[in-house]
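Please read the structure below before turning to the comments.
4 protein chains.
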Amino acid sequence: MLAIFGDAQRVQRMLDVESALARSQAQCGVIPASAAVIIASLCDADHIDFVSLGEAAANAGNLAIPLVVQLTALVAARDTEAAKFVHWGATSQDIIDTGLMLQLRDALLVIDTDLAALNAALAGLAREHRHTVMIGRTWMQHALPITFGLKAAGWLDAMLRHRTRLATLQGASLALQFGGAAGTLASLGPEAGPVAAVLARTLDLPLPDLPWHAQRDRVAEVASTIGTLVGSLGKMARDISLLTQTEIAELTEPAASGRGGSSAMPHKRNPVGCAVALAAAVRVPPLVATMLVAMVQEHERALGGWQAEWETLPLILQLSSGALEQMRVVAAGLVVDRERMRSNLDATHGLVFAEAVSMALAERIGRTAAHALVEEACRRAVATGIPLRTTLAVDAVRDPSATGALGSEQLDSLFDPQGYIGQSAAMVDRVLHTYQAGLPGQPGASSKD
Amino acid sequence: MLAIFGDAQRVQRMLDVESALARSQAQCGVIPASAAVIIASLCDADHIDFVSLGEAAANAGNLAIPLVVQLTALVAARDTEAAKFVHWGATSQDIIDTGLMLQLRDALLVIDTDLAALNAALAGLAREHRHTVMIGRTWMQHALPITFGLKAAGWLDAMLRHRTRLATLQGASLALQFGGAAGTLASLGPEAGPVAAVLARTLDLPLPDLPWHAQRDRVAEVASTIGTLVGSLGKMARDISLLTQTEIAELTEPAASGRGGSSAMPHKRNPVGCAVALAAAVRVPPLVATMLVAMVQEHERALGGWQAEWETLPLILQLSSGALEQMRVVAAGLVVDRERMRSNLDATHGLVFAEAVSMALAERIGRTAAHALVEEACRRAVATGIPLRTTLAVDAVRDPSATGALGSEQLDSLFDPQGYIGQSAAMVDRVLHTYQAGLPGQPGASSKD
Amino acid sequence: MLAIFGDAQRVQRMLDVESALARSQAQCGVIPASAAVIIASLCDADHIDFVSLGEAAANAGNLAIPLVVQLTALVAARDTEAAKFVHWGATSQDIIDTGLMLQLRDALLVIDTDLAALNAALAGLAREHRHTVMIGRTWMQHALPITFGLKAAGWLDAMLRHRTRLATLQGASLALQFGGAAGTLASLGPEAGPVAAVLARTLDLPLPDLPWHAQRDRVAEVASTIGTLVGSLGKMARDISLLTQTEIAELTEPAASGRGGSSAMPHKRNPVGCAVALAAAVRVPPLVATMLVAMVQEHERALGGWQAEWETLPLILQLSSGALEQMRVVAAGLVVDRERMRSNLDATHGLVFAEAVSMALAERIGRTAAHALVEEACRRAVATGIPLRTTLAVDAVRDPSATGALGSEQLDSLFDPQGYIGQSAAMVDRVLHTYQAGLPGQPGASSKD
Amino acid sequence: MLAIFGDAQRVQRMLDVESALARSQAQCGVIPASAAVIIASLCDADHIDFVSLGEAAANAGNLAIPLVVQLTALVAARDTEAAKFVHWGATSQDIIDTGLMLQLRDALLVIDTDLAALNAALAGLAREHRHTVMIGRTWMQHALPITFGLKAAGWLDAMLRHRTRLATLQGASLALQFGGAAGTLASLGPEAGPVAAVLARTLDLPLPDLPWHAQRDRVAEVASTIGTLVGSLGKMARDISLLTQTEIAELTEPAASGRGGSSAMPHKRNPVGCAVALAAAVRVPPLVATMLVAMVQEHERALGGWQAEWETLPLILQLSSGALEQMRVVAAGLVVDRERMRSNLDATHGLVFAEAVSMALAERIGRTAAHALVEEACRRAVATGIPLRTTLAVDAVRDPSATGALGSEQLDSLFDPQGYIGQSAAMVDRVLHTYQAGLPGQPGASSKD
């Protein structure tokens, strides 16, 4: 991802557009074929002087102007006649925006591939831990038993939707930008239509109904869709990092040499993958806001808004891709401590089964009364340190009319975590089934694993 | 939209969920049918004491807890037995999130309807002004001629994509949330699956593979998609407001009594519709960022993130809907001054035809030489105040080898704006064709107009 | 805070400005004294019809226009002559912005008072727990011992800086806005200067060098300063909520009836105060961004930017004040479990003393070698479950040249948490000393407690 | 600014901290003086291998860890004994945060110097154009006459407050960060206090009461204060860019070779300086939000929040500094067209004097009646194209009881823009006086110019 949005690749993609433009125009008889051959042969970032390009770009206001100057000089050195046809009829924004589209196509492919790999790892976790009981936590407090498979399936469920969104993006957001100075392609005369069509085909980009230079919903949609992906990655990272806390220790990030150590504390093993994803989840949303604020672009080319996009969208993709890669590594090598999950469940001496008891009682005495009764028993259990099961058993002895109806056997079953994980397994199976079904024609998701 | 997210409707939607829950559970034999009848009959916001509800909600941490308390009391007053089955097996978040989904369904429908009406108005403008020449502006400076039809088609083009996005949202983002306290539906035992299925059907919401309580990509997607719509509305409002400036005066917002006046300056007619859309385009993007940051939610129910959504998403929809409604009114009644558009074109004494001349010359002397020659002529035209056409004609007399090749007739045609609007009409037609084709099965867009 | 920014108070503050304007103009002989008396007597929100005001405001584009209409009608009903002088020479923005300044003055006072109370509670915690040893955590992993007093002093240290920032705000950000329609006060002729000066004195607001209607740095500074306060509150809330996790349980939020319960899980005690602060810490930063984006306001009155502020700044203050109030309550009643802090320290069987050992060894064998040796011992301790102290003692027996130099007595002292809390107490004392010294002239901070 | 936050300078500042640390510890007798001499002599970024540093940093999770490794190796190559004392008792964050403080000190100085230069240019414009009449615009429509001097004074007024804020920042936000692994400096034993004090003195940074590693209000305050500066720069850029529009043309950005040209349109002169500032005003506010969201940092070192700051704060300073530099150049060379300002005033045929007439009439017939009468006259003037002055004169002939009281002479004076600029000159003088008075002890502002 760093490479895709690095200086070399960025310039190369703009040159790819110049090359395709020349070849398309030659094909349509707009410029001489010989000129196109020479131009295309020189559209190579290796020929570009990046230092002087950078300096000139700062002055010119964009990167395309000095790039065209350099390219024209290169062509002129070979054939002055051909040099006349460099960048023919195009404007800077055509080259910058279409070059960006080529970068985005690559970037979305990389992200989708990494996402497929993450999903394979998550599906593996969901399957393997379909019956691994752990405590569910709400408000960061113990709530009720769940399974780790259910938690992993929840992560996967969101990621499957993100793959669908990515597929929509890939189909709908990418498009050729080609409009000339004010979007009319006037400089190309009647050949403008055919040139645009051939150019789109050459670059394998959809041909839009009209240039979108000042309508930025395409790039904003990329930004915001990727932004939601990062949010889901951040949620997964938050969960994992909370579960790696020293006192909880249900999960550990995969170890790797030189990874996650501390300069001052040799015993530390830090969840560095989660840190990357969490940092991205802090940084990307405001960058998405930047892209949305920047959409308010004046007339046929903006003053400030377009420029604000230039570094922002690549940064969004780099941060997101970095977060995704880290979470893929984390998910693939995640160390799960089933025993610790089981023992943490008992930390509250049975309080987490209060709902089970409450629901069982409610069938007899109503939800409200049962809730009050169990809440009171919980309070005593907490105060005395006596487990809830014992507290209730003693209550039953004292007043058979209340909890007495709950016999010892029923209490045993009510306090068995495996007995109170509800639809966990069925839910996991449904998500895995959706995962297996995959996206139509997308091998990554539909492969069995 | 204010009504949909107002207190009354918000509570009613939560009560609709409680009602549907009771009826679904009765249908599945989980609670007595008689209880469901009574519960359902009392799920009416008119019965709710909103003042005490608000106070209790502040203490309880959410709105569902005290609402269930009030509903239970209402039912108990009728039938204490039935009261036991209020909110059976559900958790607060089930009611809040599913209620939100019902609100979102309404809200997206309102937005889509308004968007269809906006698009009809924009299509009308594009069609009517297919040949209305105006200046295209880049960097807020005169660039080249375009048509107002092309500008309107550009707005429409983006809005058509937004309708497609809305259709995707309506199909993919809405879903039942039903998981019980920790997402396992454990409290409902083996009947959980059937109840969930019937509940989804009763509310006409898709049944997801598993509860999404802590996976917030659905609501984040709604927020960010609506955010991109607001960006496009803001772009349109920026364009219009710039064109209504006193010195430019190509457009005027429709007049309405009491609208756009000034307390101190009786002559003012302010573009108040644009102001609403522009304010929304400043306010909504950061709110989208809030929704994305809030996605990092802990475990099975978050501490802070979920709560951060509660007022944010409704605010996004209200601001967006308000902006959309204003721009619909503005587009439907927009006053277009063709003469002013034509006369503003001449403000630079022909400089805006420089590219046309440059391209015509380039065919003979190459792009770079032509560009330099025309740039120099422009500089003299600006310095002397002599129109560019005259400047060039004089040049031709002095040095026939340079611009001399451009005869008087060719100059006339080069300086005719209708002759240099390129593909404007064809582009307008393509967008209108897409508009006519409409979304499959969506009457608003496909209707002829 | 809800009251300060509620509809009634908002309108009252605008009426206060109208009243002061009339009285100031009468004092300067610009309008008849009798008119001012009548106008001032009717500047009471109780006389206002809020329903029709709200409807008219939506149409007029701001609240001041219809408010002046209602006020004028009220005055006219008493004295038609006096009604001529309502809102004399002012513009809507003068009333709205100056009314806002009066609200901000109240709001900042409330916040400062609550902050003083929070600081008193934090100072109490820092003092009481100066020697309460707990584990310090970095990357959410056990690191080294600290004291809870040091943690509380860290919170306090930031809050003391926030009080200083608030004092700066109160002195520098508030100012009269009075410029008339375009900021020149032309409508008041030569009396403009004296009227402005008397008006400022009447409202007890600083008189700025010129109107600041389109220079929004004052309100942006309020927003961003309050935004940093919320960040610090969020940090404190994150710390506390992490320490209330079931497995950690070092802290508990104060209990209160109806507070923090769960509808489905009777045993839960949720950290609801922290949730409020954490939600605010998610919501406020993007709202600050809104205020900053909105600063780009056109000319003498903006189109969109100013309007974007109207609801945003009050929301920032309400959310911040709510978060502050919650954290004040939490700090004042925080339940601290010293035993749990002590026992959690031992969770890693001594690994947290690795740095102490490493530093002691480093004096003999150098930092790098010591680090490597201790890291290796830690790895074995983790793998075998044998405490680090034992592991090292055994190592010393095997190879006296390595850790052997660390005798049993030194090991005892190295593994004593009280012996490895460094400057904790001195740091606490320094912060408490700064707290006692207080802000000059501000009773809240300088009072002994 | 690029240099200050470039890789080389960033690493050098961290090495400066390591050097100062070694020297301070030697001075306090904590490490051998000979070791400190060697360490200090090698703390030079020229010795560092940046490529391997970058790779190792990605793995280690921060830049300090591999930098210490390289520095230790460099020292060891000279003296293995001295190598033991590299980075003695410090933690990565001490080096990174204190290095950042050194960078911020430089950056704030650069910004303040540029701001002083901008202010000098603005003061010059305000003084020179104290009497240059132009139209004031509200809601982007002509409102009332102002002077260009008043507009420039408004920009200056905000910038003077920003210099005061910068001075506060420089005094209050910078501080040494030195706490060791968990903030207690335990590893330095009793010498910790003296070492910290000497280190602070050596680096000429304030010594805080306690380490602020997890309390990020200092850096958040820098970010948000700079963010408000960018907002004011954006406002100035928006004003200027609107005034450079082709039809308005009251201002032109200074010309420079290669600056603001267009690849396709040789006649264009784009306001590129404004574009830079406007792009910054879109990009910086969300980055400020990032810094505020990132403040919620866990315990003694965060997981994600701290990392999110690393690139964000430098980016804020770079974008802001770039915007400031551009606006300084723009202000210093701004081309002001007084004639155009005067002629644009007449574009509405006198409507902008409506308020003057309205106020004059109001003294006789009351504000409301006068407003209605003038509004009606304006409407007719617009409809007929007859100037307002003529319209009113004709009205006076027809009905002397209405506007008749306004004689021809009074009408002349009411329609003279110089007669209706109110306090413009006095306001300019007040701002210039404040500018001259300057900040106490800050030469930049108090110098005469």
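Top to bottom, those sequences are chains A, B, C and D.
Here the first sequence stands for residues 769 to 1217, numbered as in the numbering used here.
Here the second sequence stands for residues 769 to 1217, numbered as in the numbering used here.
Here the third sequence stands for residues 769 to 1217, numbered as in the numbering used here.
Here the fourth sequence stands for residues 769 to 1217, numbered as in the numbering used here.
Note that the Cβ used here is the ideal one computed from N, Cα and C, for glycine as well.
Straight-line Cα distance separating residue 1117(C) from residue 1124(C): Working through the third sequence from its first residue, we reach residue 1124(C) at position 356. Working through the third sequence from its first residue, we reach residue 1117(C) at position 349. Approximately 14 Å between the Cα atoms of the pair.
Beta-carbon gap between residue 875(A) and residue 1085(A) smaller than 7 Å: Translated into the one-based positions of the first sequence, residue 875(A) becomes position 107. Translated into the one-based positions of the first sequence, residue 1085(A) becomes position 317. Yes. Within cutoff.
Short CB-CB distance (under 7 Å) between residue 1061(D) and chain A: For this step, residue 1061(D) is matched to residue 293 along the fourth sequence. So yes, residue 1061(D) belongs to the interface.
Chain A within 7 Å of residue 1009(B), Cβ atoms only: The count along the second sequence starts at 1 and reaches residue 1009(B) at position 241. So no, residue 1009(B) is outside the interface.
Pick from 1042(D), 905(D), 1190(D) that is closest to residue 829(A), judged by C-alpha positions: By 1-based counting over the first sequence, the position of residue 829(A) is 61. Looking at the Cα atoms, 1042(D) is the closest of the given residues.
Neighbour flag for residue 953(C) against chain D, beta carbons, 7 Å: Within the third sequence, residue 953(C) is the residue found at index 185, counting from 1. True, the Cβ-Cβ gap to chain D drops below 7 Å.
Rounded separation between residue 1198(D) and residue 1139(D) - CA only: Position 430 of the fourth sequence, counted from the first residue, corresponds to residue 1198(D). Position 371 of the fourth sequence, counted from the first residue, corresponds to residue 1139(D). Spanning the two alpha carbons is a distance of roughly 32 Å.
Contact list for the segment 1068-1093 of chain B against chain C, Cβ threshold 7 Å: 1071, 1072, 1073, 1075, 1076, 1080
Sequence-distant residues of its chain with Cβ nearer than 7 Å to residue 904(D) (five each side left out): To locate residue 904(D), count along the fourth sequence from 1; it is residue 136. So the list reads 911, 912, 913, 914, once near-sequence residues are dropped.
Spatially closest choice to residue 1103(D) from 1008(D), 793(D), 1120(D), by CA coordinates: Taking the fourth sequence and counting its residues from 1, one reaches residue 1103(D) at position 335. Here the closest residue by C-alpha is 1008(D).
CB contact check: residue 1155(D) to chain C, cutoff 7 Å: The residue given as residue 1155(D) occupies position 387 in the fourth sequence. Chain C contact via Cβ: absent.
C-beta neighbour in chain D for residue 1095(C), strict 7 Å: Along the third sequence, read from residue 1 onward, the residue named residue 1095(C) stands at position 327. Output row for residue 1095(C): interface = no.
Near-chain C residues of the segment 877-904 of chain B (beta-carbon distance less than 9 Å), N- to C-terminal order: none
Whether residue 1189(B) touches residue 993(A) by CB criterion (7 Å): Stepping through the second sequence from its first residue, residue 1189(B) is reached at position 421. Stepping through the first sequence from its first residue, residue 993(A) is reached at position 225. No. Outside cutoff.
Three-state secondary structure (DSSP) of residue 1116(D): Residue numbering aside, residue 1116(D) sits at position 348 when the fourth sequence is read from its first letter. The three-state reading of DSSP puts residue 1116(D) in helix, counting H, G and I together.
Three-state class that DSSP yields for residue 902(D) in the structure shown: The sequence position of residue 902(D) within the fourth sequence is 134, counting from 1. Residue 902(D): strand per DSSP, three-state reduction.
Minimum Cβ-Cβ distance from residue 910(A) to chain C less than 7 Å: By one-based count along the first sequence, residue 910(A) stands at place 142. It does; some Cβ of chain C falls within 7 Å.
Identity of the residue in 1096(A), 824(A), 965(A) nearest residue 892(A) by Cα: Here the question's residue 892(A) lines up with position 124 in the first sequence. For residue 892(A), the nearest C-alpha among the options comes from 1096(A).
Neighbourhood of residue 811(D) by C-beta, 6 Å cutoff - its chain only, sequence neighbours within 5 removed: What you label residue 811(D) is simply residue 43 of the fourth sequence in a count that begins at 1. Excluding residues within five positions, the ones whose Cβ falls inside 6 Å are 783, 786, 787.
Chain D contact for residue 1047(A) (CB, 7 Å cutoff): Locating residue 1047(A) in the first sequence gives position 279, where the first residue counts as 1. With 7 Å as the cut-off, residue 1047(A) counts as an interface residue toward chain D.
Residue 1154(A), DSSP secondary structure in three states: Position 386 of the first sequence holds residue 1154(A). Note: residue 1154(A) maps to coil in three-state DSSP.
Counted within 10 angstroms of its Cβ, other Cβ atoms place residue 818(A) as buried (16 or more) or exposed: Taking the first sequence and counting its residues from 1, one reaches residue 818(A) at position 50. Exposed: under 16 other Cβ atoms inside 10 Å.
Residue range of the alpha helix (DSSP H) that includes residue 772(A): As a position in the first sequence, residue 772(A) is number 4, starting the count at 1. From DSSP, residue 772(A) is part of no alpha helix (DSSP H); its letter is neither H nor E.
Collapsed DSSP secondary structure at residue 1217(A) in the structure displayed: Here residue 1217(A) is taken as the residue at index 449 of the first sequence, counted from 1. With a pLDDT of only 38 at residue 1217(A), under 50, the local geometry of the prediction cannot be trusted, and no value is derived from it.
Distance between residue 940(B) and residue 985(B) (C-alpha atoms, nearest Å): The sequence position of residue 985(B) within the second sequence is 217, counting from 1. The sequence position of residue 940(B) within the second sequence is 172, counting from 1. Their backbone Cα atoms lie some 11 Å apart in a straight line.
Interface residues of chain D facing residue 1039(A) [CB-CB closer than 9 Å]: Within the first sequence, residue 1039(A) is the residue found at index 271, counting from 1. The contacting residues are 1071.
CB contact check: residue 1143(C) to chain D, cutoff 7 Å: Position 375 of the third sequence, counted from the start, is the residue given in the question as residue 1143(C). For residue 1143(C), the answer is no, since every Cβ of chain D falls outside 7 Å of its Cβ.
Beta-carbon neighbours of residue 1195(A), restricted to chain B and to distances below 7 Å: Looking up residue 1195(A) in the first sequence gives position 427. Correct list: 977, 978.
Simplified DSSP assignment, three categories, for residue 1168(C): Translated into the one-based positions of the third sequence, residue 1168(C) becomes position 400. In this structure, residue 1168(C) counts as coil in the three-state DSSP scheme.
C-beta neighbour in chain D for residue 1115(B), strict 7 Å: The residue you call residue 1115(B) lines up with position 347 of the second sequence. Judged by the 7 Å Cβ criterion, residue 1115(B) is in contact with chain D.
Buried versus exposed, by CB contacts within 10 Å (16 or more), residue 1185(C): In the third sequence, residue 1185(C) corresponds to position 417, counting from 1. Its Cβ being crowded by 16 or more others within 10 Å, residue 1185(C) is buried.
Inter-residue Cα distance where the pair is residue 899(B) and residue 1192(B): Along the second sequence, one-based indexing puts residue 899(B) at 131. Along the second sequence, one-based indexing puts residue 1192(B) at 424. Computed Cα separation, rounded: 8 Å.
CB contact below 7 Å: residue 1211(B) versus chain D: Stepping through the second sequence from its first residue, residue 1211(B) is reached at position 443. Below a pLDDT of 50, predicted positions are generally treated as unreliable, and residue 1211(B), at 46, falls in that range; no measurement from the model is reported.
Where residue 1223(A) sits in the DSSP three-state scheme: Missing from the structure shown is residue 1223(A); chain A here goes from 769 to 1217 and no further.
Beta-carbon neighbours of residue 821(D), restricted to chain A and to distances below 9 Å: Numbered from 1 along the fourth sequence, position 53 holds the residue referred to as residue 821(D). Per Cβ cutoff of 9 Å: no residues; residue 821(D) is ~13 Å from chain A at best.
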